[in-house]
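Trainee: What follows is a single structure, and I will ask about it in a moment.
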Amino acid sequence: MSYTILIVDDSSIVRTMVKKSIGMAGLEIGTIHEAANGKEALEVLSRAWVDIVFADLNMPEMNGAELVERMSQDATLVSTPVVVVSSEQSHAKIEELKAKGIRAYIKKPFRPESFREVVDKVLGSAGAKGGQP
Amino acid sequence: MTDPSPELLAETLGATLEEAAFIFAEPEERPAPFPGAAFEARIGYRGPASAELRLVADAGLAATLAANLLGEDEGGAAAARSADAIGELLNMVVGAWVVRLFGEDARCALGVPRVRPLSAAEAAGSLAGASCAVHLRAEAGRRIDIGLAPEPENRAP
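So the sequences go chain by chain: H and V.
Under our numbering, the first residue of the first sequence is numbered 200, with each subsequent residue one higher.
Under our numbering, the first residue of the second sequence is numbered 33, with each subsequent residue one higher.
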């Protein structure tokens with residue numbers, strides 16, 4: 200079973216770092232989509248099935264919080280797991296995002312091992328749904 | 033709330049460099065001039081207090097940062113991503129900085145980093161408007177400076 204991933208970050212270097220970390224997590228990856236902001240992410244999500252989204256918070260055009268909000272309002276996207284990957288460390292902000300439905304939070308700078316733990320937790324619980332339908 | 037200080041800036045930048053990229057840097061009171069090209073990054077934040085963090089780094093250090101972030105050898109393709117690496121470094125620094133200043137329960141709006149290349153002469157004066165600044169020296173004597181400046185008017189974080 201291979202997974203389709205969407206990585207959302209305005210930094211291309213971070214998108215590469217996340218790709219490498221996901222690879223090191225042992226996840227069988229089918230396709231990786233990339234987006235530089237929330238708006239581009241929604242465009243990807245409108246045309247492609249995605250099993251999990253890794254998203255930064257502070258991005259131009261549309262930030263990660265707004266992306267999470269828009270996905271929660273869309274019946275086709277509400278159950279797509281979102282993991283936030285951000286330098287934001289405010290407990291209040293993280294709790295607010297969890298209340299909006301994000302499945303996990305990875306703080307920057309991150310270690311590749313963090314992705315293994317999160318992937319096991321998030322896709323493990325959604326395993327019956329995971330992979331291309 | 034903690035008062036900003038050069039020591040706190042140095043500690044925050046130093047810890048982030050080490051954790052993110054295994055680069056070790058120490059404060060230096062009388063730094064050598066930037067030998068050549070550099071990068072400047074700026075990022076604003078708004079919280080219990082608002083300001084802009086500015087970072088200026090030797091281009092060689094920026095290339096090392098990019099390589100280390102990507103887990104690649106220095107001198108390779110990673111060098112082309114030096115500006116991006118500096119921007120992301122400052123992004124990570126500001127996240128740690130606002131927690132050190134305001135605590136983990138404070139709400140802050142963090143900006144998006146803006147990066148530009150500088151000549152050595154431009155780099156020397158880049159932190160002139162900073163209320164609080166510190167110079168650090170990394171391996172091979174490469175220089176990285178960080179300072180705190182008032183947030184520019186009419187700029188959302």
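Where a beta carbon is used, it is the ideal one built from N, C-alpha and C, also for glycine.
Quick caveat: nothing in here was measured; it's all calculated off a predicted structure.
(1) Got a sec, what are the start and stop residues for the alpha helix (DSSP H) G119(V) sits in?
(2) How big is the Cα-Cα spacing for P80(V) and V131(V)?
(3) Residues in the same chain with beta-carbon distance under 6 Å from A98(V), minus the five sequence neighbours each way, listed in chain order, please.
(4) When you check each C-beta in the region 65–83 of chain V against every C-beta of chain H, which residues fall closer than 7 Å?
(5) Can you give me the Cβ contacts of K328(H) inside the same chain, cut-off strictly under 7 Å, excluding the 5 residues immediately before and after it?
(6) Look at the Cβ atom of F309(H), then the Cβ atom of V284(H), and state whether they are nearer than 8 Å.
(7) At what residue ranges does the region 246–302 of chain H contain a whole run of the beta strand (DSSP E), taking only runs of 3 or more?
(8) Within 8 Å (strictly less), CB to CB, does E287(H) reach chain V?
(9) Within the continuous beta strand (DSSP E) that includes L159(V), where are the two ends?
(10) Could you check the C-alpha separation between Q288(H) and G143(V) for me, to the nearest Å?
(11) Going by DSSP, which residues form a beta bridge with E58(V)?
(12) Check whether the Cβ atoms of S220(H) and N123(V) sit closer than 8 Å, and answer yes or no.
(13) In the DSSP assignment, find the unbroken beta strand (DSSP E) run with P149(V) in it and report its ends.
(14) Taking 8 Å as the CB-CB limit, is G330(H) close to chain V?
Mentor: Walking through what the data contain:
(1) 114–134
(2) 11 Å
(3) A110, R113, S114, A117
(4) none
(5) With a pLDDT of 39 at K328(H), under the threshold of 50, the predicted position of this residue should be treated as unreliable, though the coordinate-derived value follows. The answer is none, since no qualifying residue turns up.
(6) yes
(7) 251–254, 281–285
(8) yes
(9) Neither: L159(V) is in no beta strand (DSSP E) and is coded neither H nor E.
(10) 14 Å
(11) R169(V)
(12) If you check the CB distance, S220(H) and N123(V) do not come in under 8 Å.
(13) 146–150
(14) Here G330(H) scores only 45 on pLDDT, less than 50, and its place in the model should not be relied on; the value that follows carries that caveat. Interface flag for G330(H) against chain V is unset, since no Cβ pair is found closer than 8 Å.
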